[in-house]
Amino acid sequence: MTIRDGDGNVGSDPPEPAFWGQLFAGLPAPVVVADGPAGSSTPQSETLIRRRNTWIDRLFAGEESYANSPDKIIILQNGVEIEDVPIDPLGSWTVVGRHPRAHIQLEAYKLGLFHAAFHKKDDRFYLRAIDLECGALLDRKKIKAGVPVPLRDGSLVDIPGYQLRIRLANSPAAAGEEIVEAEELAEIPSYFYVLSPPPSSPGLTNRIEDRAAIALWSGGVTSLKVVDIIEETADAKTFRLVGEKPLLFSYRPGQFVTLLLTIDGEYIERSYSISSSPSRPHVLELTVKRVPGGRVSNWLCDHVMLGGRLTIKGPAGKFSCFDCPASKMLFIGAGSGITPMMSMSRWIVDTTADLDVKFLASFKSPADIIFRKELELISARHACFRVAVTLTSARPGRTESWTGLTGRFDKSMIHALVPDLDQRHVFLCGPEPFAAEVRRILQELGFDQAKLHSESFGSGRVAGGGTRVPKPLALSEPRHRVHFIKSDRTVETDETVTLLELAEAHGIEMDYACRTGSCAECEVSFTGALSEKPEFEKDRRRKENGIAFACCSVALSDLEVEA
């Protein structure tokens, strides 16, 4: 066995500063190479330990030299020897950890990426703990991180999940030398012998083998735990949530949930689209983009930490490709409006749905592109899924150049990117000015508005709750009287004010979320005559059965409303 550098050349071990610089800076580290038959050298791996076999396994494979090495590190897991590593072929530094560049790569809960290192110097062998959280034990004493501690023949090193027994038949004796910088422990922490992840981990076998026994969330209020926070951009974060106990999530791609929050003593509800896909049911992800001055978005990004709890209700919303009959679709999104599109995109590629999808996204700059790498990967790996991104702000002085599309979407750009527009259903989501401009473009292109599905991410995307202050309305003629049955209030309205606006003006509680007729949260029963705004006049049967969306319905006569 010889030691070669990243190019496969035999070389001496680097000095200590150079070694640590290479390891932590991600530069090529020495590669352990095993001598094959007839003296040939065949690279095995960038790490020494990938396969689990002992010296006797290698003996039967014709590798007798391993058994003849007197100095070795014997690796035990749960008291069973799983590997022995000859010391002679190792360099002056041997790093143990979970990182792929560690010389001895192991996997265990609480084991650090670079957990500990063995150092050979002047024919002596030393142990140095690297991980600051859990560290390493030497003969049941916890050693101080960063301090080299001499090893003897028979020394026992404990790291999370494993024991490393040291055999040093050829090393000089160290009579009378004591372990320095070590801490006597009254009790060994349990994580040194815990081989499985904690109960919240999605890697537990019962989540696969006993899936039928796991609770299913498909609606209602539930408390979830934050297990990961992903910095998507400088002002957008994805919160990865799991159940307090193992939980599967069932919803339609593109739907949203409402967060039930208490901020500075005030109860607030806010709705956010689910960015994850129901095809990955063990987790629920919400992607939140900061809004300048936004109370909730900034509070979430600043105060929600790993291990925190969030209470949600839902799911809700009809903005989903799930029931769409089309075989061709066009997604158009901007800013945080990309989140429900991402849920639908993930579902489509995960399920290999027989769909032809084009995804047009608009952002200010390269640094603002949410899910950029994943969108590039989806577009590269799925022939029927194509992504195009345009940037609306050059932002001079930025270090990253951009060779893609620039400018806002217009008729010529959409026509060039989607020449078969009339064959597709369009899903549109983004800030209201952006969405209004796209609707205008589609109308000018003669697109059938019945095939347009949209959801607003304007300032009104707020669910019911909190204190509502009545506000005066400037009513025109003709006027009608609306009786809100549950609230037992009768108020006056005209034929321009929506039922939702009327309820808000008089402090009457009414659930809502999208304000565009997509989510159905504001669905109410009514008697009388009303009219929906033209762009929402799609389901006449619903209206004929006395059901209306309050956000886009106005009175044409006196009404009785169940609210």
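Using this note's numbering, read the sequence shown as starting at 800 and increasing by one per residue.
The C-beta atom is built at its ideal place from N, Cα and C for all residues, glycine as well.
In this structure, the alpha-carbon of CYS1321 lies about 56 Å from that of ALA901. Pairwise C-beta distances place the segment 1123-1132 in contact with the segment 1221-1238, as three or more of them are shorter than 8 Å. In the DSSP assignment, THR1138 falls within the unbroken alpha helix (DSSP H) covering 1137-1149.
The criterion of a C-beta distance shorter than 8 Å is not satisfied by GLY1092 and VAL1025. Rounded to the nearest whole angstrom, the C-alpha separation of LEU1040 and ASP1153 is 30 Å.
Between PRO1114 and SER1076 a beta carbon distance of about 13 Å is seen, past the 8 Å cut, so the two are scored as non-contacting. LEU926 sits close to ILE942, with the two beta carbons spaced by under 8 Å. Inclusion of PHE1226 and CYS1120 in the CB contact set at 8 Å is warranted, their separation being smaller than that value. For SER1211, the enclosing alpha helix (DSSP H) begins and ends at 1210-1216. The segment 1346-1355 and the segment 1282-1301 touch, with three or more beta-carbon pairs separated by less than 8 Å. By the criterion of a C-beta distance shorter than 6 Å, PHE1048 is surrounded in its chain by TRP1016, PRO1080 and LEU1083, once the five residues flanking it on both sides are discounted. In this model, THR1057 and ALA1328 are separated by some 31 Å (Cα to Cα). Note on geometry: alpha-carbon atoms of LEU1241 and PRO1218 lie some 13 Å from one another.
Excluding sequence positions up to five before and after ARG964, its CB lies within less than 6 Å of the CB of ILE873 and LEU955, all in the same chain and listed in chain order. Annotation for SER1078: no alpha helix (DSSP H) segment contains it, and DSSP assigns it neither H nor E. GLU1276 has its alpha-carbon roughly 18 Å from the corresponding atom of THR1289.
Counted as a single uninterrupted DSSP element, the beta strand (DSSP E) harbouring TRP892 occupies residues 892-896. The Cβ atoms of ILE1073 and TRP1098 do not sit closer than 8 Å to each other.
Residue state for SER1352 is assigned as strand, using DSSP reduced to three classes.
Secondary structure note for LEU1358: its beta strand (DSSP E) is the uninterrupted segment 1358-1360. DSSP, read as helix, strand or coil, puts VAL948 in strand. Shown here, ILE1168 sits in coil according to DSSP, grouped into three states, outside any helix or strand. Closest by C-alpha distance to CYS1183, out of GLY1136, ARG1239, HIS1282 and VAL1148, is VAL1148. About 6 Å separates the beta carbons of PHE1325 and GLY1345, which is inside the 8 Å limit, making them a contact pair. DSSP, reduced to helix, strand and coil, places LEU905 outside both helices and strands of the structure shown, so it counts as coil. Around the beta carbon of SER1022, fewer than 16 other beta carbons lie within 10 angstroms, which makes this residue exposed. Per DSSP, TRP1016 is one residue of the beta strand (DSSP E) stretching across 1014-1016. Around the Cβ of GLU1030, a 10 Å sphere holds fewer than 16 other Cβ atoms; the residue is exposed.
Collapsing the DSSP output to three states places PRO1232 in a helix. In the displayed model, ASP1221 falls within a helix according to three-state DSSP.
In the structure shown, HIS1102 adopts helical secondary structure according to DSSP, grouped into three states. Between THR1086 and ILE1177, the gap from beta carbon to beta carbon reaches 8 Å or more. Counted as a single uninterrupted DSSP element, the stretch harbouring LEU1274 is not any alpha helix (DSSP H), since DSSP gives it neither H nor E.
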